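Worksheet: the structure to be examined is printed underneath.
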Amino acid sequence: MNFDLDQEHLDLADGARDFLSASASPAAARSALDEGAGVRPGRAELIKSGYATITIPESAGGGGGTVLQLAVVAEQAGRVLAGPSLVNFARAAVLLENDPDRLAGLADGSLAVAVIDDHDPVLDAIGADTFLTLRDGTLVCGPGRVTARRPVDATRGLGDVTLGETTDLVRDARPRWAKAERVGRTILAAEGLGAASRLLGMGVGYAKERHTFGRPIGSYQAVKHMLVDVYVAVEQLRSLVWWAAWAADRAPGELPLAAAAAKAAAATTLELAAETVIQVHGGIGYTWEHDAHLYWRRAKTDRFLLGDDVAAFDEVARLAMGEAAR
Amino acid sequence: MDFDDTPDEAAWRAEVRSFLDRHPSAPEQPRAWQAILYDAGFVGVTWPVEAGGRGGTPMQQAIVDQETARHGLPPLINLIGIGMCGPTVIVHGSDSQKQRYLKRLLRADDLWCQLFSEPSAGSDLAALRTRAVRDGDGWRISGQKVWTTLAHLADFGILLTRTDPDVPKHRGLTMFVVDMKAPGVTVRPLRQMNGDAHFNEVFFDDVRIPDEERLGDVGDGWRVALTTLMSERLSLGGGGTSIGPKPEAVARHVAAHIGALPEDRQVLARQELGRGYVAALGARYTGYRQLSKLSRGELPGPEASAGKLSGTRSARDLTDLAVRVLGPDAATADAAWQDMQALLPGMAIAGGSDQVLRNIIGERVLGLPAEPRADKGVTFRESIR
Ligand SMILES: Cc1cc2nc3c(=O)[nH]c(=O)nc-3n(C[C@H](O)[C@H](O)[C@H](O)COP(=O)(O)OP(=O)(O)OC[C@H]3O[C@@H](n4cnc5c(N)ncnc54)[C@H](O)[C@@H]3O)c2cc1C
């Protein structure tokens, strides 16, 4: 067993970090919220960089890579609140396997795909022109009309979609749909991991600098212990994300439990991190100018995506009990 | 990244399994069981060969632990010796101490205990008062230890004492190996809240220890103790070991009882199981990451404390759920879960309380500033005034 990233993954993370921190930032997330500016780096840039299309086969113009590789990139995207999410790319790559034309469209950017779940609103509906959804067990595809909503987190591109004329793609697509959703949960959790670990860094940095009553606030246990709890949660989330991504690639039997666990842990960890870091920053943390609320918005939005954390914990429990009965 | 056994690990697992298949049950006598396992080469796997070990990897040790648990066989009796005392002797002991003690410790010919905590020195361990005074070619020890696990059975202990009260408190300490059967040692068992009596008060009344039983230099006891505490951290919280019940066992138990609960209670029980389970899996896979690092030869760092911190929490939550799904009956019934429930509060104290572990992680891992201390730069004598 070697449960650690390989050098190849670390190199990939470095490259993605450079690219994403040059092209996206909390400041960009703020102006998307303020002025309705587009999210950064945006679909076209993400595709051009090759990061969004890692899991699309080489034959269709993608990177032919693994979910773990995409998760490593997604963590870096989460750190800087990059958009659009890598989740739709990951899900579509699974849903469209055996559909080389559409996959190629996804990879060259001529199709801007979003996936519709039962629960609206749709992640990155804004800017999408092609929608995939499950209807009575059949995977269907079609154009749609998007109505934007007033966003809590503008980087998530949430909108309501009215589907137009659809084409049936795959009958009896439930298993594939479930797999795509689990891969999507894994990538969403990886983005949450990046956001939470960036928050932790912000909180720790500030706790070392800010002094009250003649000492750095990080020397007070009430502050120190809060940050340690975030650290522990972030490290556990990291382990669960890696496990889920590895399972997606190598152990499909473990993916349902691993993806549900990662999703649930991401929702609670990112929320804990955001709430904690606002508290640690005092009044500054509550201002529009500070980055904390942008991550807080992520937390408050992401927890609902791909099923909320309550549903994910329930799924973990059901899977665990099912496993135990066997 | 890879969860599969390497070919070496697979071969090792097969070796362990085939041995355990031939020993489906352990002898009643826990020392005898440890001796059997040692003679087969499965105790002290990571210890150096000169110390009586196998010179193996932490992963090999983890495989032994996994397989013994899978076969439903009991854990070893001499865990404090193996996890804490032995590693300290390996690093700081003289050649003759190593010769005398280590192999016998691994075979459970001798049981060991760790005599650190005192009534006025638990979290603040360096505040201890047990005195060691020079006496010819040896030392005389007087004082009291407390919470000493296994002292009532132990043959030897590692004993942290104060040899110089007139220097700052961390500098006046010295470590010894003490013979628990020596004249002047009195062990009085303490009953813990789960009803068992595994830990003890230990009184030292003018106990003589020859100088050759000193472990490390005079005044260097704190550094020696840090070796013990580092090993303790790892054996309690790191390397994929788990505290409390296996989450799978809790899931099985909840599955068996949840149907009898009212609908709304079932929903709550599933939420709690989900939360506890995710936390336990998070701790487990974080442990695997540490194990991977250790197997590459990296040293256990302060981050190993996180495993104990989160592990005790999720163990308590899951155990509480296991008790609660039994309904009001649980107020009197099901000894196994009740026992576990009454054991776990101690785990959040033993080997460093939750608060102390958070201080360690906050300061040593996150680099947050330490708290100001009232005892800094003053001698021990002054600090207790
Ligand atoms: C089951 C069990 C087995 C044990 N086995 C052994 C053994 O074999 N050998 C041995 O030597 N000892 C053993 N111990 C002792 C154990 O190490 C101590 O109990 C522990 O370190 C706490 O010390 P204390 O009991 O003196 O509590 P205190 O140190 O008095 O702590 C009391 C409370 O104050 C908090 N506190 C103290 N200092 C701080 C601080 N700086 N910041 C924040 N909070 C603080 C603690 O978290 C705790 O909640 C065992 C204990 C238990 C419960």
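Listed in order, the protein sequences are those of chains A and B.
No gaps in the numbering here: position 287 of the first sequence is 287 in UniProt numbering, and each next residue is one more.
No gaps in the numbering here: position 381 of the second sequence is 381 in UniProt numbering, and each next residue is one more.
Every residue, glycine too, gets a C-beta built ideally from N, C-alpha and C.
Owing to the predicted nature of the structure, the values given are computational and were not obtained by experimental measurement.
- Interface annotation, Pro372/B: in contact with chain A, CB-CB separation under 8 Å.
- Against Gln271/B, the close residues of chain A are Val310, Phe313, Asp314, Ala317, in the order they occur along the chain (beta-carbon pairs closer than 9 Å).
- Under the three-state reduction of DSSP output, Asn359/B falls in the helix class.
- Taking the Cα of Phe176/B as reference, the smallest distance to any Cα among Leu153/B, Trp222/B, Arg191/B is reached at Trp222/B.
- Among the residues facing chain A, Leu318/B is not included, as its CB has no counterpart in that chain under 8 Å away.
- For the segment 187-200 of chain B, there are no residues whose beta carbon sits under 8 Å from a beta carbon of chain A.
- Around the beta carbon of Gly172/B, 16 or more other beta carbons lie within 10 angstroms, which makes this residue buried.
- Taking a beta-carbon distance threshold of 8 Å, Gly218/A counts as an interface residue toward chain B.
- Excluding sequence positions up to five before and after Asp172/A, its CB lies within less than 7 Å of the CB of Gly137, all in the same chain and listed in chain order.
- Shown here, Asn200/B sits in a strand according to DSSP, grouped into three states.
- Annotation: the continuous alpha helix (DSSP H) that includes Thr301/A extends over 292-302.
- Around Gln60/B, the same chain offers Glu9, Trp12, Val45, Thr46, Arg54 as residues with beta carbons nearer than 8 Å, after the five sequence neighbours per side are excluded.
- Apart from sequence neighbours up to five positions away, the residues of its chain that approach Trp243/A with a beta-carbon distance below 6 Å are Ala258, ordered along the chain.
- Scanning chain B for C-beta atoms nearer than 8 Å to the C-beta of Gln236/A yields Ala279, Gly282, Ala283, Tyr285, Thr286, Ser310, reported in chain order.
- By the CB criterion at 8 Å, Arg79/A and Asp124/A fall outside the cutoff.
- Residue contact check for His281/A against chain B: no CB pair falls below 8 Å.
- In the DSSP assignment, Ala132/B falls within the beta strand (DSSP E) that extends over 131-135.
- Using a cutoff of 7 Å, the CB of Phe19/B does not count as near ligand 1, since none of the ligand's heavy atoms is closer than that.
- Residue contact check for Ala325/A against chain B: a CB pair falls below 8 Å.
- Here the C-alpha atom of Ala154/B lies approximately 25 Å from the C-alpha atom of Val218/B.
- With a threshold of 7 Å, the Cβ atom of Trp147/B counts as near ligand 1, since some heavy atom of the ligand is closer than that.
- Less than 8 Å separates the beta-carbon of Thr186/A from that of Ala248/A.
- With a threshold of 7 Å, the Cβ atom of Gln341/B does not count as near ligand 1, since no heavy atom of the ligand is closer than that.
- Residue range 185-190 is occupied by the beta strand (DSSP E) that includes Pro189/B.
- Where Asp168/A is concerned, there is no enclosing alpha helix (DSSP H), although the beta strand (DSSP E) around it starts and stops at 167-170.
- Below 8 Å, too few C-beta pairs join the segment 122-138 of chain B and the segment 257-264 of chain B to call them touching: fewer than three.
- Counting along the chain, the unbroken beta strand (DSSP E) around Asp160/A starts and ends at 159-163.
- With respect to chain B, the C-beta atom of Ala207/A has a partner C-beta closer than 8 Å.
- Inside the segment 56-130 of chain B, DSSP marks whole beta strand (DSSP E) runs of 3 or more residues at positions 112-115, from first to last along the chain.
- The beta carbon of Ser239/A sits closer than 8 Å to some beta carbon of chain B.
- Any Cβ of chain B closer than 8 Å to the Cβ of Ala71/A would place that residue at the interface, and such an atom is absent.
- If you look at Met180/B, you'll find it isn't in any beta strand (DSSP E); DSSP assigns it neither H nor E.
- DSSP places Ile36/B within a helical segment (H, G or I) once states are collapsed to three.
- When the alpha-carbon of Arg131/B is set against those of Gly362/B, Gly143/B, Leu190/B, Ser353/B, the nearest one is in Gly143/B.
- DSSP places Leu111/A in no beta strand (DSSP E); its state is neither H nor E.
- Assigned with DSSP and collapsed to three states, His211/A falls in strand.
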